[in-house]
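Chemist: Handing you this structure, nothing more for now.
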Amino acid sequence: MNLQRLSRITVEQGKCGGRPCIRGQRIRVTDILELLGAGASFEEILSDYKLLEHEDILAAIDYAAYQTDHVVLQT
Numbered sequence: 005m006n007l008q009r010l011s012r013i014t015v016e017q018g019k020c021g022g023r024p025c026i027r028g029q030r031i032r033v034t035d036i037l038e039l040l041g042a043g044a045s046f047e048e049i050l051s052d053y054k055l056l057e058h059e060d061i062l063a064a065i066d067y068a069a070y071q072t073d074h075v076v077l078q079t
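Reading the sequence shown from the start, the letters are residues 5 to 79 in our numbering.
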């Protein structure tokens, strides 16, 4: 995980319901993750979203990894 890439993820009041977005654009992190989960390639995503950069997709993945890196069950 690249913590520096996380600076590409922004959260702004009134934009996309306060959900995490890519560099202040109205492209949500979840949009990118859902596309990847559906089998879209980086190239396909970048072709469909001209404002995105390769590092933005990696930032979305890093953000998801960071958000899920916590203890869920206590042993």
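The beta carbon of each residue, even a glycine, is placed where N, CA and C say it ideally should be.
Taking the C-alpha atoms as reference points, what is the distance between Asp-60 and Arg-27?
Modeler: Working through the sequence shown from its first residue, we reach residue 60 at position 56. Working through the sequence shown from its first residue, we reach residue 27 at position 23. Those two C-alpha atoms are separated by around 8 Å.
Chemist: Please classify Thr-72: does DSSP put it in a helix, a strand, or coil?
Modeler: By one-based count along the sequence shown, residue 72 stands at place 68. Looking at Thr-72 - three-state DSSP - the assignment turns out to be coil, as it is neither helix nor strand.
Chemist: How big is the Cα-Cα spacing for Arg-23 and Gln-8?
Modeler: One-based indexing of the sequence shown puts residue 23 at position 19. One-based indexing of the sequence shown puts residue 8 at position 4. Between Arg-23 and Gln-8, the C-alpha separation is close to 20 Å.
Chemist: What's the C-alpha gap between Asp-35 and Asp-73?
Modeler: For the purposes of this step, residue 35 is taken as the residue at position 31 of the sequence shown. For the purposes of this step, residue 73 is taken as the residue at position 69 of the sequence shown. Going by the C-alpha atoms only, they are around 20 Å apart.
Chemist: Between Ala-63 and Ile-31, which are expected to be in contact by the criterion C-beta below 8 Å, what is the C-beta distance as a whole number of angstroms?
Modeler: If you number the sequence shown from 1, residue 63 lands on position 59. If you number the sequence shown from 1, residue 31 lands on position 27. About 11 Å; that fails the 8 Å criterion.
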